[in-house]
Amino acid sequence: MERKNKTTGKVAGIIANLVTVEVDGPVAQNEICFIQHQESDLMAEVIKIIGNSAYVQVFESTRGLKVGTNVVFEGHMLEVTLGPGILSKNYDGLQNDLDKMKGVFLKRGDYTDPLDRDKIWSFTPIAKAGDEVAAGDWLGEVHENGMPHKIMVPFKLEGSYKVKRVVAAGDYKVDDTIAIIEDKEGQELPVTMVQKWPVKMAVRAYKEKPRPFKPLETGVRCIDTLNPITEGGTGFIPGPFGTGKTVLQHAISKQAEADIVIIAACGERANEVVEIFSEFPELEDPRTGKKLIERTTIIANTSNMPVAAREASVYTAMALGEYYRSMGLRVLLMADSTSRWAQALREMSNRLEELPGPDAFPMDLSAIVSNFYSRAGYVYLNNGSTGSITFIGTVSPAGGNLKEPVTESTRKAARCFYGLSQARADSKRYPAIDAIDSYSKYLEYPEVQEYLVSNVGEAWLGNVLDAKDILLRGKEAQEQINILGDDGVPIDFHMRFWKSELIDFVILQQDAFDKIDASTPMERQEYMLSKILDIAHAKLKFDNFDEVQNFFKQLINQFKQMNYSEFKSEKFNNYEVELSDMLKERMN
Amino acid sequence: METQAFQKVYTKITNITKATIQLKAQGIGNEEMAIVNGRLGQVVKIFGDDVTLQIFSGTEGIPTNAEVVFLGRPPQLKVSDQLAGRFFNAYGQPIDGGPEVEGETRDIGSPSVNPVRRKQPSQLIATGIAGIDLNNSLVTGQKIPFFADPDQPYNQVMANVALRAEADKIILGGMGLSNDDYLFFKNVFDNAGALDRIVSFVNTTDNPPVERLLVPDMALTAAEYFAVDKNEKVLVLLTDMTLFADALSIVSNRMDQIPSKDSMPGSLYSDLARIYEKAVQFPEGGSITIIAVTTLSGGDITHAIPDNTGYITEGQLFLRRDTEIGKVIVDPFRSLSRLKQLVIGKQTRTDHPQVMNAAVRLFADAANARTKMENGFDLSDYDERTLEYAKAYSDKLLAIDVNVDTEAMLDISWGLFRNFFSKAEVGIKQEFVEKYWEEK
Chain A
7 MERKNKTTGK VAGIIANLVT VEVDGPVAQN EICFIQHQES DLMAEVIKII
57 GNSAYVQVFE STRGLKVGTN VVFEGHMLEV TLGPGILSKN YDGLQNDLDK
107 MKGVFLKRGD YTDPLDRDKI WSFTPIAKAG DEVAAGDWLG EVHENGMPHK
157 IMVPFKLEGS YKVKRVVAAG DYKVDDTIAI IEDKEGQELP VTMVQKWPVK
207 MAVRAYKEKP RPFKPLETGV RCIDTLNPIT EGGTGFIPGP FGTGKTVLQH
257 AISKQAEADI VIIAACGERA NEVVEIFSEF PELEDPRTGK KLIERTTIIA
307 NTSNMPVAAR EASVYTAMAL GEYYRSMGLR VLLMADSTSR WAQALREMSN
357 RLEELPGPDA FPMDLSAIVS NFYSRAGYVY LNNGSTGSIT FIGTVSPAGG
407 NLKEPVTEST RKAARCFYGL SQARADSKRY PAIDAIDSYS KYLEYPEVQE
457 YLVSNVGEAW LGNVLDAKDI LLRGKEAQEQ INILGDDGVP IDFHMRFWKS
507 ELIDFVILQQ DAFDKIDAST PMERQEYMLS KILDIAHAKL KFDNFDEVQN
557 FFKQLINQFK QMNYSEFKSE KFNNYEVELS DMLKERMN
Chain B
292 METQAFQKVY TKITNITKAT IQLKAQGIGN EEMAIVNGRL GQVVKIFGDD
342 VTLQIFSGTE GIPTNAEVVF LGRPPQLKVS DQLAGRFFNA YGQPIDGGPE
392 VEGETRDIGS PSVNPVRRKQ PSQLIATGIA GIDLNNSLVT GQKIPFFADP
442 DQPYNQVMAN VALRAEADKI ILGGMGLSND DYLFFKNVFD NAGALDRIVS
492 FVNTTDNPPV ERLLVPDMAL TAAEYFAVDK NEKVLVLLTD MTLFADALSI
542 VSNRMDQIPS KDSMPGSLYS DLARIYEKAV QFPEGGSITI IAVTTLSGGD
592 ITHAIPDNTG YITEGQLFLR RDTEIGKVIV DPFRSLSRLK QLVIGKQTRT
642 DHPQVMNAAV RLFADAANAR TKMENGFDLS DYDERTLEYA KAYSDKLLAI
692 DVNVDTEAML DISWGLFRNF FSKAEVGIKQ EFVEKYWEEK
């Protein structure tokens, strides 16, 4: 798409943020242009071309824009700037550094540099002269917030190159040349620490993308225990408003075992982003002892920011994720919410007067969503190292109806489904993940099963299935009790119901705001689950259903106190002793 | 009206629909205002020479040779301290017989606040209503609507909240407000001696519906003046946002846009978010808190308007008539304040979160017991006690006529727990039980 002279044009029509431009030369689909409105240039993306008219979606408000305004086309698509210094930045959907913007209000046409050009980085070479390299191969590394940040052969380069020279270890700025590489024709190419990549294209600079096989620990019990997600896996969390999507997402991003966390706040509340801004610099990453913000990048395109940039924001986040994955890091990418992204697509499709699909969404919604999810994954890099992007998106189904187009499209693309239930949220059973409806396809993967058996325990898989069965039987029993009444069913039904309540209260429900209960390591999850299952399988004697109810309520209370105590601390052990005394009474 | 000399006057309108007119004109900016035979309009579409204008008060009686003058600017409001105590229409013109406001002219619908320049909301707004303070505490910088059926006393509750909230300014944005309700607000504020800290922008049912579209932006431009320039704590009341959304659908329909769910425009989410997201806490101390009303039809929250609203706002408050006690209560199940976690147990007593959850859980048990009773089953002893508890809880805490401080609300809750339940049934962290269970 690179051309010698920039194509120019003039504004011919305006409806909201859709602008038609009469052009005098070649333009490409998705090309970026700038509309020279008064003193500020407005960035826009080509989304349709008919004859000499290019339809562009403007990433800013078009207030005051006039017909006849000059437009300059840039000759490239929307790109991210990649280099050291991205971590702990707060970007908007177009990767502008929000902290560099002046003033309280966002100024239209204010574009800021994503990187700090004057910052000095201490560089260590990895490649040496004579090495054969290709796109994505590591030339050297710097330390970004203590994380090894690889400087790579730019993703845009095709074919193989020979390293002519790599600079000696020392201090450099991002724009300094750190290596010279040579193509087959002997043409020399200088490489700096900065490269650009079009956000809508997937980075494919890796050798192989195997099926994910390693569970990703999140500390959230009803995910890790019942429906685990994997490193490089995909999952989605649909839920009506008020069911705790965002709290759950924040919990996962705080606790999950990832090197890098990228959060795309896509068309959501600004105060939620502010929560991350203010909490993450305070919170410590339990694994590294550093502040969470040091491994986190936030893409904030809140709901009041321009709609077109909202669509770009998820792609920007994914492209940044792919960059870090290529360094052999484990990236966790969270997008809240992908429904807002879909709505941005709908608004534009509507203005383009395309024939609408279901609920006025564009017909290719499903394809767009699948395409996006497929960019996540576990990869073997060219040098044999591994990297991953685990992607979890939330979906905000209109009217809480899971049959709506965005949920349906996402269901086809994501491998884990964490459905939040209104009924559970109403009775304050948080996280409100419906353990029966939710699923993880990864549990069926033999490679994941193998991993669980050798890393968590022989009995683990059986225990998980057992717990799921108890929950299901409990639900059936509850329905019977509701229909026939407490007296109308045998005591056994009450036992079944209360066993499922035990799992619900002790394993599924988790207090995200309690220091200890918020995150449960796998070892503790394993311990608690087998403890609960022992009780579920113990022979307990009751004379009537009131006794069952009272006994299990006491058990639950006891277990909850355990959940609030440090694992295997004195307090925890005391509760455990009391617990076994309670049980002994019932067994005699 | 502000016509000036040497302005080009257009007199040839080519198309007229119920809400829009189209004419040929050059050099016109998008969203620019115009005067058409004395009525205000705004540019919504330009294609070459063809300019489409939306006429706020409707096009009834506009002839094809009407005089059209473009003003070269978007809708604006003059802001200064003189706004306080005044009543305006949707265009920001005084309707209380007072003089024009002198001050700085600002475009309404200004850009959003840079998220990194916001501060996390952290200041509790005490209302004295336990259904709000205990279960759904409000915080400055929050945005929250009442979801209510039209017959519920939402305007009264909102006025109470506004007056008790200790805000520096209260800005009322009334959309499709009946004249009676308009007078109600005026009287309540007047009687409370609060009129000098109130600014009102009102579109009543007598005014054309499309004019309503300007009201929230007018109210919020005034709010931003007080919150940013004066560092004041501003509370914005928007009632009724359902009527605002209806006006949006009228316009989009007349613009031939493809409707999405419930005949609402596909951009409804963004349109509402643009308004609600003006709620903000600034580091310098100024804040904008928005309390809105979204009326429901038959309690249906899956309709596009409440549904989109729920995804934008930080919670919602439901009013419901509790027939057991014959009073309107704040429904603890369906109400939610998302920002309460920032203040409860931090600015209030440490037992607040646990007491709140336990109380609501027991109330839910009572609801189950009631279902059981209605289905003709025997109630257990526990069921009987939850029913008794529910009545007391509803009456002493949830009812909207309650007015006590948070400390008292917590003590009342412990009292109820003690009266009706055992410690294990309440299931609260032991340290709190030890501290508060025994009668003091």
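Sequence order for the protein chains is A and B. 7 is the number of the first residue of the first sequence in this note's numbering; add one for each residue after it. 292 is the number of the first residue of the second sequence in this note's numbering; add one for each residue after it. Glycine is no exception: its CB is placed at the ideal position from the N, C-alpha and C atoms. A quick note: this is a predicted structure, and the numbers were derived from the prediction, not measured.
Three-state secondary structure assigned by DSSP to V693 of chain B | For the purposes of this step, residue 693 of chain B is taken as residue 402 along the second sequence, with counting starting at 1. Looking at V693 of chain B - three-state DSSP - the assignment turns out to be coil, as it is neither helix nor strand.
How about the stretch 520-532 of chain B and the stretch 376-392 of chain B: do they share at least three Cβ pairs that are nearer than 8 Å?
-> Contact between the stretch 520-532 of chain B and the stretch 376-392 of chain B is absent: fewer than three C-beta pairs spanning the two stretches fall below 8 Å.
C-beta atoms of E278 of chain A and A270 of chain A nearer than 8 Å = Residue mapping note: residue 278 of chain A aligns to position 272 of the first sequence, counting from 1. Residue mapping note: residue 270 of chain A aligns to position 264 of the first sequence, counting from 1. Contact: no.
Counting only beta-carbon atoms, is M107 of chain A nearer than 8 Å to chain B?
-> As a first step, residue 107 of chain A must be located in the first sequence, where it is residue number 101. Yes, M107 of chain A counts as interfacial toward chain B.
Taking only beta-carbon atoms, is M292 of chain B less than 8 Å away from chain A?
-> Taking the first residue of the second sequence as position 1, residue 292 of chain B is located at position 1. A caution first: M292 of chain B carries a pLDDT of 45, below 50, which makes its placement in the model unreliable, though a value can still be read off. Chain A contact via Cβ: absent.
CB contact flag (A649 of chain B, T677 of chain B, <8 Å) = Taking the first residue of the second sequence as 1, we reach residue 649 of chain B at position 358. Taking the first residue of the second sequence as 1, we reach residue 677 of chain B at position 386. No, these two residues do not count as a Cβ contact at 8 Å.
Which chain B residues sit within Cβ distance under 7 Å of V73 of chain A?
-> Numbered from its first residue, the first sequence carries residue 73 of chain A at position 67. Per Cβ cutoff of 7 Å: I337 and G339.
Hey, does D598 of chain B have any beta-carbon neighbour from chain A nearer than 8 Å?
-> Numbered from its first residue, the second sequence carries residue 598 of chain B at position 307. Residue-level contact by beta carbon holds for D598 of chain B and chain A, with a gap shorter than 8 Å.
Can you name the residues of chain A whose CB is closer than 8 Å to the CB of K315 of chain B?
-> Taking the second sequence and counting its residues from 1, the one referred to as residue 315 of chain B is at position 24. Under the 8 Å cutoff, chain A gives no residues; its nearest Cβ is about 12 Å from K315 of chain B.
Apply the 10 Å Cβ neighbour rule to I719 of chain B and answer buried if 16 or more other Cβ atoms are within range, or exposed otherwise.
-> Residue numbering aside, residue 719 of chain B sits at position 428 when the second sequence is read from its first letter. The residue is buried, with at least 16 neighbouring Cβ atoms inside 10 Å.
What are the start and end residues of the beta strand (DSSP E) that includes P436 of chain B?
-> As a first step, residue 436 of chain B must be located in the second sequence, where it is residue number 145. Following the DSSP letters along the chain, one finds P436 of chain B inside the beta strand (DSSP E) bounded by residues K434 to A439.
Within 10 angstroms of the Cβ of T343 of chain B, are there 16 or more other Cβ atoms? Answer buried if so, exposed if not.
-> As a position in the second sequence, residue 343 of chain B is number 52, starting the count at 1. By the neighbour-count rule (16 or more Cβ atoms within 10 Å), T343 of chain B is buried.
Proximity to M534 of chain A [Cα-Cα], best of A:Y570, A:N550 and A:N11 = Reading the first sequence from its first residue, position 528 is the one you call residue 534 of chain A. Residue A:Y570 is the option with its Cα nearest to M534 of chain A.
Do you know how far the Cα of G329 of chain B is from the Cα of M292 of chain B?
-> By 1-based counting over the second sequence, the position of residue 292 of chain B is 1. By 1-based counting over the second sequence, the position of residue 329 of chain B is 38. Any reading at M292 of chain B must be qualified, since the residue scores a pLDDT of 45, below 50, and its modelled position is unreliable; the value itself is stated next. A direct Cα-to-Cα measurement between M292 of chain B and G329 of chain B gives close to 7 Å.
Output yes if chain A places a C-beta closer than 8 Å to the C-beta of Q411 of chain B; else output no.
-> Against the second sequence, residue 411 of chain B aligns to sequence position 120. Proximity of Q411 of chain B to chain A, defined by a Cβ-Cβ separation below 8 Å, is satisfied.
Are the C-beta atoms of K552 of chain B and some chain A residue less than 8 Å apart?
-> One-based indexing of the second sequence puts residue 552 of chain B at position 261. For K552 of chain B, at least one C-beta of chain A is nearer than 8 Å to its own C-beta.
Cα-Cα separation, A185 of chain A to G192 of chain A = Locating residue 185 of chain A in the first sequence gives position 179, counting from the first residue. Locating residue 192 of chain A in the first sequence gives position 186, counting from the first residue. A direct Cα-to-Cα measurement between A185 of chain A and G192 of chain A gives close to 15 Å.
Ordered along the chain, which non-local residues of its own chain (more than five positions away) have a Cβ less than 7 Å from that of Y727 of chain B?
-> Within the second sequence, the letter at position 436 stands for residue 727 of chain B. Within the same chain, Cβ atoms closer than 7 Å to the Cβ of Y727 of chain B are found at D642 and W705, the five residues on either side in sequence being excluded.
So what does DSSP say about P507 of chain B, is it helix, strand or coil?
-> Residue 507 of chain B sits at position 216 when you count from the first residue of the second sequence. DSSP places P507 of chain B in helix when its eight states are reduced to three.
Between the C-alpha atoms of N321 of chain B and F65 of chain A, what's the straight-line distance to the nearest angstrom?
-> Along the second sequence, one-based indexing puts residue 321 of chain B at 30. Along the first sequence, one-based indexing puts residue 65 of chain A at 59. Each residue's alpha carbon lies about 15 Å from the other.
Name the DSSP beta bridge partners of L627 of chain B, please?
-> Taking the first residue of the second sequence as 1, we reach residue 627 of chain B at position 336. L627 of chain B is bridged to B:Q607.
By Cβ distance below 7 Å, which residues in the same chain neighbour M545 of chain B in space, the five residues on each side in sequence not counted?
-> Indexing the second sequence from 1 puts residue 545 of chain B at position 254. In the sequence as displayed, the identity of residue 545 of chain B is Arg instead of Met. Around R545 of chain B: T308, K309, A310 and T311.
Cross-chain neighbours of T593 of chain B in chain A, by beta carbon under 9 Å | If you number the second sequence from 1, residue 593 of chain B lands on position 302. P246, A404, G405, G406 and N407, listed in chain order.
Provide the residue span of the beta strand (DSSP E) that contains W203 of chain A, from first to last.
-> Here residue 203 of chain A is taken as the residue at index 197 of the first sequence, counted from 1. W203 of chain A -> beta strand (DSSP E) spans Q201 to P204.
Check each candidate in A:V73, A:N58, A:I38 and A:Y61 and name the one with the smallest Cα separation from Q317 of chain B.
-> Sequence index remark: in the second sequence, residue 317 of chain B carries index 26 (1-based). Comparing Cα-Cα distances from Q317 of chain B to each of A:V73, A:N58, A:I38 and A:Y61, the minimum goes to A:V73.
For D531 of chain B, decide whether its Cβ has a neighbour in chain A, counting only Cβ atoms nearer than 8 Å.
-> Numbered from 1 along the second sequence, position 240 holds the residue referred to as residue 531 of chain B. Contacts with chain A at 8 Å (Cβ-Cβ) do not include D531 of chain B.
Tell me, please, whether the CB atom of G19 of chain A is closer than 8 Å to any CB atom in chain B?
-> For the purposes of this step, residue 19 of chain A is taken as the residue at position 13 of the first sequence. By this cut-off, G19 of chain A is an interface position.
Determine which residues share a DSSP beta bridge with P550 of chain B and list them.
-> If you number the second sequence from 1, residue 550 of chain B lands on position 259. Its beta-bridge partners are B:P556.
Establish whether the CB of S309 of chain A and some CB of chain B are separated by less than 8 Å.
-> Translated into positions along the first sequence, residue 309 of chain A becomes position 303. Closer than 8 Å: yes.
In chain B, which residues lie with their C-beta within 7 Å of the C-beta of E281 of chain A?
-> As a first step, residue 281 of chain A is located in the first sequence; it is residue number 275 there, counting from the start. Going along chain B in sequence order, the residues near E281 of chain A (Cβ under 7 Å) are Q411.
What is the residue span of the beta strand (DSSP E) that G176 of chain A lies within?
-> Here residue 176 of chain A refers to the residue found at position 170 when the first sequence is read from its first residue. Bounds of the beta strand (DSSP E) holding G176 of chain A are G176 to Y178.
Near-chain B residues of the stretch 553-580 of chain A (beta-carbon distance less than 9 Å), N- to C-terminal order | Cβ contacts with chain B come from Q555, N556, K559, Q560, I562, N563, Q564, K566, Q567 and Y570.
Within the chosen definition, does the stretch 665-683 of chain B reach the stretch 480-497 of chain A through at least 3 CB pairs nearer than 8 Å?
-> Yes, the stretch 665-683 of chain B is in contact with the stretch 480-497 of chain A.
P234 of chain A to A441 of chain A span [Cα, whole Å] | Within the first sequence, numbered from 1, the residue matching residue 234 of chain A stands at position 228. Within the first sequence, numbered from 1, the residue matching residue 441 of chain A stands at position 435. Each residue's Cα considered, the two are about 12 Å apart.
Nearest residue (CA-CA) to L331 of chain B, options B:F338, B:N306, B:P366 and B:T302 | Here residue 331 of chain B is taken as the residue at index 40 of the second sequence, counted from 1. Closest option to L331 of chain B, Cα to Cα, is B:P366.
In angstroms with no decimal places, state the Cα-to-Cα distance between T533 of chain B and E37 of chain A.
-> Counting from 1 along the second sequence, the entry for residue 533 of chain B is found at position 242. Counting from 1 along the first sequence, the entry for residue 37 of chain A is found at position 31. For T533 of chain B and E37 of chain A, the distance between alpha carbons rounds to 39 Å.
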